[in-house]
Every structure is written in structure tokens, then in C-alpha cells.
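Read the structure below first, then the notes.
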Amino acid sequence: MTGGLARSSLGWRYHWRCIWTFARRELRLWTYFRVNFTLDLLVVFTNFIIYMIIASFRPAAPTAVYGAGYASFLTVGLAVNTLMATAVAGPYTGLMDCWQNNRLETLMMSPISLPLFITGISVGQYARALMRLCIYLAGGALLFGAFADVAGPTLARGASALLVLGLALSACTGLGLAAASMVYLVDARGGSDPVRLVVDTLSGIAAGVYFPVQVLPGWLQWLACLVPQTYALDALRRLLLSPPAVALGAPTLPVHALAPGLPPALLDVLILAAYALLALRGGLALLKRGLDSARRDGRLSTWR
Amino acid sequence: MAIGEPAVSVRGLSKHFRVRRGVPVESVMGSSHWLTQLVIRTRSPEQRFTALDGVSFDIAPGEFFGLLGPNGAGKTTLLKCLATLLRPDGGTAVVNGHDVCASPDLVRLSVTMIGSGQWVAFDWGLSVRENLQFFADLYGLPPKSAHGRIEEALEVVGLSGLIDATPQTLSSGERQRLVLAKGFLLRTPVFFMDEPAANLDPRGTADILHYIRHDLARLEGVTVIYTSHRLEEVEELCDRVAILDRGRLVALDTPRRLVRLVTDVEHLEVDFTGTAAGVLERVAALPGVRGLDLASGPVAGSAGTLRIQCESAERSSGDVVTALGGLGLSVTAVRASAPRLGDVFLRLTGRGLHHGV
Chain A
1 MTGGLARSSL GWRYHWRCIW TFARRELRLW TYFRVNFTLD LLVVFTNFII
51 YMIIASFRPA APTAVYGAGY ASFLTVGLAV NTLMATAVAG PYTGLMDCWQ
101 NNRLETLMMS PISLPLFITG ISVGQYARAL MRLCIYLAGG ALLFGAFADV
151 AGPTLARGAS ALLVLGLALS ACTGLGLAAA SMVYLVDARG GSDPVRLVVD
201 TLSGIAAGVY FPVQVLPGWL QWLACLVPQT YALDALRRLL LSPPAVALGA
251 PTLPVHALAP GLPPALLDVL ILAAYALLAL RGGLALLKRG LDSARRDGRL
301 STWR
Chain B
1001 MAIGEPAVSV RGLSKHFRVR RGVPVESVMG SSHWLTQLVI RTRSPEQRFT
1051 ALDGVSFDIA PGEFFGLLGP NGAGKTTLLK CLATLLRPDG GTAVVNGHDV
1101 CASPDLVRLS VTMIGSGQWV AFDWGLSVRE NLQFFADLYG LPPKSAHGRI
1151 EEALEVVGLS GLIDATPQTL SSGERQRLVL AKGFLLRTPV FFMDEPAANL
1201 DPRGTADILH YIRHDLARLE GVTVIYTSHR LEEVEELCDR VAILDRGRLV
1251 ALDTPRRLVR LVTDVEHLEV DFTGTAAGVL ERVAALPGVR GLDLASGPVA
1301 GSAGTLRIQC ESAERSSGDV VTALGGLGLS VTAVRASAPR LGDVFLRLTG
1351 RGLHHGV
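Residue numbers (my numbering), protein chains in the order written: chain A, 1 to 304; chain B, 1001 to 1357.
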């Protein structure tokens, strides 16, 4: 008789294999109905066209602070936001999918850790988000002349942008974990939750996805500072779109005025790093608490 | 786990559920659901339901241990507590040397859970092989051995010919075989089997039970906790049987010793056809009848069987035939019968395993 699975055998290879096996499964299910898969792509593309056409009718917005036109501004906003929105929604959606399909108990009986479990159930949504991102970037550049007015980023700026993106996704994942915890903490098993309600509303209206934060009323600009998307979009546009002087220069968010000695982009990065640390730790703690509560009440599965 | 330690040790295990008269989740799907549930939580009175009430027992390594009880007795709750899917409210449980509350991760590495409804966890769009590969990866089976294990498990459950089929095209019995195949991928020291043969045909049941008893338990020495409503299965397979009723452990012994508890009465089996209200109450009121259980049926128009404990089978058989005839039922056979585990349950709890009084 064997002594069960050895913990030591579950190293990094095991983790990568798990993520790959979740991704492979999602891809198979996503492309199972080919008509729907094709329609998914078309919907993303048509939505993007609608955004850009509306944008072409609006008066000139003060996007000059980033040193680029509105097409570039909006394309970066949409592309980055699709990833961040996935990070916020992924854990909740994945958990609910497992719960509704009675898969949660079976997965919870496997030796995967909680972070690996969350990564696994979100990986398919990241694949979809990457597809949207590609459509936004390609559509923006080819159809609406986005990035034509922008010099290509230097290696240092590109690396910094990747760092910002990593911090932003970490912060948003932390919020996503908190949102997923609501499934059990406040019994939010009906498709929505209070955390995403607040974060999505603020990020949609005020974080600067569709228009610069500076055009908003002052009080709304302060509310925008509550979500990580605001800092991520500001820093990424500075790094990817602006000439060097602008990236270090003019403040765009109210918090920039609080530390006038620091370059705004650097302040964005510092705030994002702190946000990511706190949100990940807090979100994971909340989710563990939610799952513990489900184990106490027998709510892990749809059927007790 | 140290030598001589039980594979499973349970001491005073208790589990209560808080039940609120709430709105079913499905009826308020949408943006207001979480708000609705919050209101229900604060406004509706809470009721407490005891699922496990101070249950204690030890199971030796390699033992085949049966759990018997009617629906709602606490069998599945007990297995879920031992599998770390439910957190007990009181008492302790140690599986393969690990406490279920203190070291749930280590417990999960030691156990395999096979349930009767677990086929819903499979993806309808993936093939049988892909579904099993998914779980083999999650359970950390090395890729080189996973392929062989999958084929071996499918052969055991008789699904080799359907390796490229999708679960949506399988019959309910074949889906249950797939659940079993997933369980047989691993060789953990402890197996929890919650009605594993549900939905299987008699031939399939016999083959699977032979594999579990002979190959898994005897040859490989795994410890098995087994629940089933089929008494003959439990009597035949299990080294010892625990009888649960309303969350309490009411008896624990070998099947042979348990049956000795009811040798002071005689047992009758009465086959009948037809349906009528108040059959059990009418027969229970007959003189000399000490208890009875509806062993099978009756579905409208089909046959049913009553198991009756009585002081004298000879005297009671006539009374029972007359009583059933008076209710419009047609008796097709009456026979004396040997005592069974169901009779033990009836004696200990005053209720039948099925629908007895």
C-alpha cells in the first residue's frame, strides 16, 4: 500500500502542469461550440468599433498631458482595462462556475493550494481577455491610427510598463479574491457581489478608461483614487504614450499633489505596489475565511 | 501514521447545521441576490439541525468498514467531515495520522472520496480520457504513469471502449463508472465510498464490488469506509458495520454479531401487489407484530415486500394476509426469513431503514 500522495512531489512542475491543464480544459470548452466562439470574437470587435466611433465625435479632451491623441489614449485604456477587469472578476466568476456546476467539492478534495486553485479557475478568463486585448490593439492601430503619433517605448520604459501591469494585476486580483469571498461571507451566490459593484462602478466612471480623470468633478477624482485601475492607467499611458519629459512631469491625479517632490509615474507605482500587497493579503485572508465559513455551514456544494 | 494507530479515529464528533427559512438561491439570481440573502439572514429565525451527535469509533488499517442508516442519518455528513469538506463543530477526527481540522491538506493527500452524484463534476465537452487526465494532473500523478493508470481504471470499471466518448453521451450507470474510475486513479491509504454502486446494473455492481473488496482492500490493504442502502452488500463486504440514526451511533460490530441481536424474534417476508394507504400502521397494529419495514416498493401497480418482526411467523402470517387483503392488496408470497441488518436497525431505533414503523 502506498502512503498517499507525497507533498514533496507537488513542486513547481506540478503547479505549471495544473495551470496548463486548467487552460487546456478551458480552451476546449470555449471552442467547443464554434459558432459561439466566432460570435464572441465578433462581439468584441463590434463593441470596440462602437467605442472608437463615439470617441471620434467627442470634442478634444485634455489628453495632451500624455502627449498622444485620443485614439491612442482610448486604445490603451480599453486594452489594459480588459486585463484588470478580468483580474477583478475572475476569482468570483470561476468560484461561482465551480459551485453552480457542483465541481467545487471535487476540486477542493484535490491537493491544489488555494492560490493555485484560484489561478486555475481564472486562467480561461485571462485567455479570453488576451484575445480582447489583441483585438483592441490591432483594431486601434490599423483602423483608427492609434499609436501613429507615439514614438515606440524604450526598453527601460517597456520593462517599467510590464512592472506596472504586474502590480496592477496583483492589486486587481486582490480585489477579485475579496469579491470571491463574498460568495460565502454575504451569500452572494446570485451572480453579483458588493466588492465588484463598487470597484466596477468606480473604474468604469472615474478611473480614466474612456476619458482623462482631469475632466471629472473634484470629488469624483478623489473617489477614482480608491481603485488601482486609476494609477495603472495613468502610469502606463505616461510610460507608453508620452515623451520622457511628460512622463515625469505634470500631475494628473489629486494624490499627485500630496507628494510634489515625487514624479507622478513613480508615485503611481509606489501606490500600486502598496495596494497590491495589501489587497492580495487581505483578499486571500477574506477568501480563506469565506471558504472556512462554507465548510462550517455545508455550503461548499450546491447540494448539501 | 505510527504502527498500531487506527487508520481513522473519531471521538465525540458533532455537526450541527443552522437552517433559515430562506429564499432558494435560484429564485433570486441577479444583482439583488446578495442583498436579499442579507435581509433573510437578519429577519428569519434560525433553526438548528443536528447531523452528527457525539459519534466515536476507530477503524483499523486495512479494515472494510460499513456505515448504515436511513436517509438523513448522517452518513454523508460524517464522510464529508472526515474528508475535510465539512468542519466539525465538536470532537476530533484523525485520518491516516492527521487531524482533519489541524492538518486538512495532509488529510486530503491521504484520502479518496467516491460519491454517487459526483459525475456532475465532469466536463460534458471533454472526452472520458481528457476528464480523467484533468484529475490525474490535479492529483499530481506523474504524466508517465497517468496514461497507464487511466487505462487501468477504465478497464476495471468496464469503460475502456468509451475512452473517447464525452460524459454527456453516457448513461447514468456509465457516468457512475466514470466516477469510480476517477477514484481508482489513486492509491491513497483511505477510501471513502458513499453509495459507490448506485445506478450500476447487477453485473456491474458485482464486478466493481469484487474489485473493491478483493483488489483494493485485500491485496492493496487500503482502508475503506463504505455506505450503502443495499444491506446484502454491506453484510457481504464489511468487516464491521456502524449503524447511524439521526446523527447518533446506535450500534457497532461485525455483521454476524449485530444480527444476533434480533434472533429472539421471528422474521416474515410478505410480497404483495397494489397500493393502499395506511398499510404499515394496519400491519403494525396486529397482535404479535413487533416491528416492520417496507423492504421494497410499492410503486403504483408494482410489487412490494414487507419485512415483519413477530413473536411467531406461523401465527402472524395468516393475520397479515387477512389485513392486507382487507386493504385491497393482493398477497403473492409469504415466507419465513433469516434475520438481516435491517432488522437490527429496526430493533435499535424503532424505525425501518426504508419506511418502517
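Idealized CB from N, CA, C, for every residue including glycine. Every value quoted in this text rests on a predicted model; they were computed, and no experiment measured them.
Task: Min CB distance B:Gly1069 to chain A below 7 Å - done: no
Task: Residues that A:Ser203 contacts on chain B, provided the C-beta gap is smaller than 7 Å - done: The contacting residues do not exist; A:Ser203 stays about 17 Å from chain B at best.
Task: Selection of the region 29-60 of chain A by Cβ proximity to chain B, strictly under 8 Å - done: Leu29 and Tyr32
Task: CA nearest to the CA of B:Leu1261, picked from B:Ser1337, B:Asp1343, B:Ala1136 and B:Leu1154 - done: B:Asp1343
TODO: Keeping to the same chain, check which residues put their C-beta closer than 6 Å to that of B:Val1025; ignore five residues upstream and five downstream.
DONE: Note that B:Val1025 has pLDDT 44, beneath the 50 cutoff, so the model's placement of it is unreliable and the number below is only indicative. No residues qualify anywhere along the chain.
Task: Listed by chain order, chain B residues near A:Arg289 by CB distance under 9 Å - done: Within chain B, no residue comes near A:Arg289; the closest Cβ sits about 12 Å away, beyond 9 Å.
Task: Runs of alpha helix (DSSP H) lying entirely within the region 41-100 of chain A, each at least 4 residues, in chain order - done: 70-100
Open item on the list: For a quick check, are the C-beta atoms of A:Gly90 and A:Gly166 less than 7 Å apart?
Closed with: no
Task: Terminal residues of the beta strand (DSSP E) in which B:Ala1093 lies - done: Here the beta strand (DSSP E) through B:Ala1093 covers Gly1090 to Val1095.
Task: Where B:Met1113 meets chain A, residues with beta-carbon distance less than 9 Å - done: Near B:Met1113 (Cβ distances below 9 Å), the residues of chain A are Glu105, Thr106 and Met109.
Task: Buried versus exposed, by CB contacts within 10 Å (16 or more), A:Ile50 - done: A:Ile50 comes out exposed.
Open item on the list: Taking the alpha-carbon of A:Val123 as reference, which of A:Pro153, A:Leu83 and A:Tyr210 has the nearest alpha-carbon?
Closed with: A:Leu83
Open item on the list: Under 8 Å, CB to CB, which of the residues in the region 86-104 of chain A have a partner in chain B?
Closed with: Asn101, Asn102 and Arg103
Open item on the list: Residues of chain E with CB closer than 8 Å to the CB of A:Tyr14, please, in chain order.
Closed with: Here the protein chains are A and B, and chain E is not one of them.
TODO: Return helix, strand or coil for A:Cys18, following the three-state DSSP convention.
DONE: helix
Open item on the list: Using C-beta distances below 6 Å, list every residue in its chain close to B:Ala1313, excluding the 5 sequence neighbours before and after it, in chain order.
Closed with: Glu1266, Leu1268 and Ala1336
- [ ] Would you kindly work out how many angstroms separate the C-alpha atoms of B:Glu1311 and B:Val1259, rounded to a whole number?
- [x] 17 Å
Open item on the list: So, for B:Glu1086: in the same chain, excluding its five sequence neighbours on each side, which residues have a beta-carbon less than 8 Å away from its beta-carbon?
Closed with: Reading the sequence as shown, one finds Leu at residue 1086 of chain B and not Glu. Cβ within range, chain order: Lys1015, Thr1077 and Lys1080.
TODO: Pull up the DSSP beta-bridge partners for B:Gln1309, would you.
DONE: Within the DSSP bridge table, the entry for B:Gln1309 names B:His1267 and B:Gly1291 as partners.
- [ ] Please list the residues of the region 124-152 of chain A that have a C-beta atom closer than 7 Å to any C-beta atom in chain B, keeping them in chain order.
- [x] none
TODO: May I ask you to report which of helix, strand or coil DSSP gives B:Leu1159?
DONE: coil
Task: Where B:Phe1184 falls: helix, strand or coil (DSSP) - done: helix
Task: DSSP beta-bridge partners of B:Gln1047 - done: B:Val1019
Open item on the list: Just list the residues that DSSP pairs B:Asp1058 with in beta bridges.
Closed with: B:Ser1009
TODO: Please confirm if B:Arg1011 has its CB atom under 7 Å from at least one CB of chain A.
DONE: no
TODO: Please go through the same chain and pick out, in chain order, the residues whose beta-carbon is closer than 7 Å to the beta-carbon of A:Pro251, but skip the five residues on each side of it.
DONE: Ala257 and Pro264
TODO: Check whether the Cβ atoms of A:Tyr231 and A:Ile271 lie closer than 7 Å to each other.
DONE: yes
TODO: List the endpoints of the continuous beta strand (DSSP E) containing B:Leu1249.
DONE: Arg1248 to Asp1253
Open item on the list: At the 7 Å Cβ level, is A:Arg306 part of the contact set with chain B, yes or no?
Closed with: Residue 306 of chain A lies beyond the range of chain A shown here (1 to 304); nothing can be said about it.
TODO: Note down, in chain order, all residues in the region 1191-1204 of chain B with a beta-carbon under 9 Å from any beta-carbon belonging to chain A.
DONE: none
Open item on the list: Check for me: the alpha helix (DSSP H) holding A:Asp297 runs from which residue to which?
Closed with: Pro264 to Asp297
Task: Where the alpha helix (DSSP H) through A:Ala159 begins and ends - done: Leu155 to Leu185
- [ ] Along the beta strand (DSSP E) that carries A:Arg238, what are the first and last residues, could you check?
- [x] Careful: A:Arg238 lies outside any beta strand (DSSP E), inside the alpha helix (DSSP H) at Pro228 to Leu241.
Open item on the list: Quick check: the Cα distance between B:Arg1240 and B:Asp1271, rounded to an integer number of angstroms?
Closed with: Between the C-alpha atoms of B:Arg1240 and B:Asp1271 there is a straight-line separation of about 30 Å.
- [ ] Just the C-alpha distance for B:Asp1164 and B:Val1128, rounded to the nearest angstrom, thanks.
- [x] Their Cα atoms are separated by approximately 6 Å.
Open item on the list: Within 8 Å, do at least three Cβ pairs link the region 20-31 of chain A to the region 1153-1162 of chain B?
Closed with: No, the region 1153-1162 of chain B is not in contact with the region 20-31 of chain A.
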